[in-house]
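Please read the structure below before turning to the comments.
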Amino acid sequence: MCKGTCIVAKIDVYEGRKHRHMKANGERVVSRLNEIYQCGKKEDGTYTRMAFSAEDVKGRKLFASWAEALGMTTRVDEGGNLIARMEGQDSSLPAILMGSHLDTVPDGGKYDGVLGCVGGLEVCETFKKEGYVPKHPVEVIVFTDEEGFRFGKGLTGSSAICGQDAGISDSELDIYGEERGRVMQSYGITSEGVKNAAKDPASVHCFVELHVEQGARLYRTNTSVGVVSSIAGVNRYDVTVTGEANHAGSTAMADRKDALVAAAGFINKIPEVTTEHGNEFTVATVGTIKVTPHSVNVIPGTCTFSLEIRDTDAQIMSLVEQKLQETLGDICEKYGVSYTFVPTSFHDPAPMSDWVKENIEQAVKELGIDYSIIPSGAFHDSLIMTSVFPTAMIFVPSEKGISHSRYEYTKDEDIENGCNVLLQTILNVDKM
Ligand code: HGY
Ligand code: MN
Ligand code: MN
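What the sequence shown shows, in this note's numbering, is residues 147 to 578, in sequence order.
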């Protein structure tokens, strides 16, 4: 099997007579990843493109300018999704969709999401440079607010395109106390308008998302490409433990109802309970925490934290939720405090579409690249897209499995491989 960048996507051109070789330009893709990364540069030296921020808007404008230079039309739908479209031979045919997201987590990396957008554009640019006109129209979508850390819910644009309630309102506040209605003005959208962004399923042939793995399976096995079998589900909860705020100097240890101590006891048990009742894919995380009154000399009266459970099996997710809740109940009883456990979002695990996945597998084989079939622990816009449109994903390795970090890195040759697999996949599905 070929490793590295020795591949050339081979296709029969649409007239079916001449044989033509097409190849994605890895250097151009890497250079664009770097350019978009610069759009996230902050004064504190981190690179963050939070959804709806000035940095994010700058990145989207740059992306749109590249698409327009190719003669693609661009528009922003009511869900805020930026859609670049290249017409095919027959504009009435359903479109082949590619894409991902440009927004990042705080202090995020260069590849997460951006690769799927820039890779999709690279497929269009290769077509254009080769004078190749696909049968179907092709669209590259930059989805709105995939990460969701700002308002605690992501996948906003893909939910809108799929006609699913994104669960948002203009009056909700982000973690900095800003109103959604106000911050979404940078995209020219409103929470009400987002409800009208559904794409007609009949207008879509399929969706293919290229992404970095964000885990270490490909890296550890030195495998060039992953064909994604399914995406883990993710359920989120807000947990509040309520004790008694009291004086930190004069309240004896035996007399305390310290909400943080109880919460810490529970959080400390999460790895054990999750491992016991889950499987190798099951993960549970507390990612945010706050106490009140938040004073150095007051025993915390309340402790509120997020809890997230992910797995590729919905039943295991329910079981782990139940066991974690029982554990929380036992610990709170021991400390004489109470708790609430409020579900905030549910996304079931989702298998990828068989026929699109098979087309990716066929593409990888045609290119002679080594690959494996793997599940995705991270979620992606494809998690939502697969509920309405035939959807599948291509992964390339993340060095040491690191992602959601400034240390996220994918080798240039892996980037090029991924783009060529995407190119060949699009050529294959275009024949159908
Ligand atoms: O959180 C996730 O899994 C995704 O990377 N946003
Ligand atoms: Mn991410
Ligand atoms: Mn992503």
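For every residue, glycine included, the Cβ atom is placed at its ideal position computed from N, Cα and C.
Fair warning: this is a prediction, and the values are worked out from it, not measured in the lab.
S332, enclosing beta strand (DSSP E) - first and last residue | Counting along the chain, S332 falls outside any beta strand (DSSP E), and DSSP gives it neither H nor E.
Report the residue from T473, L261, D236 and P489 whose alpha carbon sits nearest the alpha carbon of V354.
-> Minimum Cα distance to V354 is reached at L261.
Can you tell me whether DSSP reads F209 as helix, strand or coil?
-> Note: F209 maps to helix in three-state DSSP.
Residues whose Cβ lies closer than 5 Å to any heavy atom of ligand 3, in chain order | With the criterion CB distance below 5 Å from any heavy atom of ligand 3, the matching residues run D258 and G259 along the chain.
Rounded to a whole number of angstroms, what is the C-alpha to C-alpha distance between H526 and G234?
-> H526 and G234: Cα-Cα distance of roughly 27 Å.
What residue does the beta strand (DSSP E) around C449 start on, and which one ends it?
-> Note, C449: beta strand (DSSP E), T448 to D457.
For S199, which three-state DSSP category applies?
-> Coil.
G411: which of L569, Y481, H282 and I229 sits nearest, CA to CA?
-> Out of L569, Y481, H282 and I229, Y481 has the C-alpha closest to the C-alpha of G411.
Take R402 as the anchor and find which of V483, V203, C308 and G547 has the nearest alpha-carbon.
-> The shortest C-alpha separation from R402 is found at V483.
Continuous beta strand (DSSP E) stretch holding E324: start and end | It is not in any beta strand (DSSP E) - E324 carries neither H nor E in the DSSP assignment.
Is the beta carbon of A170 within less than 8 Å of some heavy atom of ligand 1?
-> Outside the cutoff, so no.
What are the partner residues of E285, as DSSP defines its beta bridges?
-> DSSP output for E285 lists R231 and L243 as bridge partner(s).
Indicate whether H423 and V466 have their beta-carbon atoms separated by less than 9 Å.
-> Yes, the Cβ-Cβ distance between H423 and V466 is below 9 Å.
From the DSSP output, which residues share a beta bridge with A538?
-> Looking at the DSSP output, A538 bridges to V354.
Taking the CB atoms as reference points, tell me whether C352 and V534 lie closer together than 9 Å.
-> No, they are not a contact pair.
Are there 16 or more other CB atoms within 10 angstroms of the CB of R221, so buried, or fewer, so exposed?
-> By the 10 Å Cβ count, R221 comes out exposed.
For V264, which of helix, strand or coil comes out of DSSP?
-> Here V264 sits in helix by DSSP.
Buried or exposed by the 16-neighbour rule on C-beta atoms within 10 Å, applied to P119 = Any question about residue 119 goes unanswered here, given that the chain covers just 147 to 578.
Coarse secondary structure for G372, derived from DSSP in three states = Note: G372 maps to strand in three-state DSSP.
Rounded Cβ spacing between V419 and T473 (contact assumed at less than 8 Å) | 5 Å between Cβ atoms; contact.
Alpha carbon to alpha carbon, what distance is there between V380 and T290?
-> Cα to Cα, the separation comes out at about 19 Å.
Cβ contact check for the region 246-257 and the region 185-196: 3 or more pairs under 8 Å | The region 246-257 vs the region 185-196: in contact.
Secondary structure of K546, DSSP reduced to three states | Secondary structure of K546 (DSSP, three-state): helix.
Any non-hydrogen atom of ligand 2 closer than 8 Å to E292 Cβ = Indeed, a heavy atom of ligand 2 lies less than 8 Å from the Cβ.
With distances taken between CB atoms, is the gap from C308 to M531 smaller than 9 Å?
-> Contact flag set, yes.
With a threshold of 16 other CB atoms inside 10 Å of the CB of D202, please say whether the residue is buried or exposed.
-> With 16 or more other Cβ atoms within 10 Å, it is buried.
Could you spell out where the beta strand (DSSP E) holding I520 opens and where it closes?
-> Membership of I520 in the beta strand (DSSP E) is indicated by the continuous run Y517 to S522.
Specify the secondary structure class of P347 as computed by DSSP and reduced to three states.
-> Here P347 carries a helix assignment [DSSP, helix/strand/coil].
Taking 8 Å as the line, does the beta carbon of S549 fall inside it for any heavy atom of ligand 2?
-> With a cut-off of 8 Å, the C-beta of S549 is classified as near ligand 2, since at least one heavy atom of the ligand falls inside that distance.
Contact belief for G265 with L356 at Cβ below 8 Å, rounded distance in angstroms | Between G265 and L356, the beta carbon gap of about 4 Å places them in contact (Cβ cut-off 8 Å).
Output the distance between the C-alpha atoms of C449 and I435, rounded to the nearest integer angstrom.
-> Each residue's alpha carbon lies about 7 Å from the other.
Which first and last residues belong to the alpha helix (DSSP H) in which M183 is found?
-> The question names Met, but residue 183 in the sequence shown is Tyr. That run of the alpha helix (DSSP H) goes G172 to Q184.
Over what stretch of residues does the alpha helix (DSSP H) that includes Y481 continue unbroken?
-> Counted as a single uninterrupted DSSP element, the alpha helix (DSSP H) harbouring Y481 occupies residues A460 to Y481.
Which of the three DSSP states, helix, strand or coil, is assigned to K275?
-> Residue state, collapsed to three classes: helix.
Who are the near neighbours of S551 in its chain, counting only those whose CB is closer than 8 Å to its CB and skipping five residues on each side?
-> The beta carbon of S551 sits closer than 8 Å to those of D253, G254 and G255, all from its chain and outside the five residues before and after it, given in chain order.
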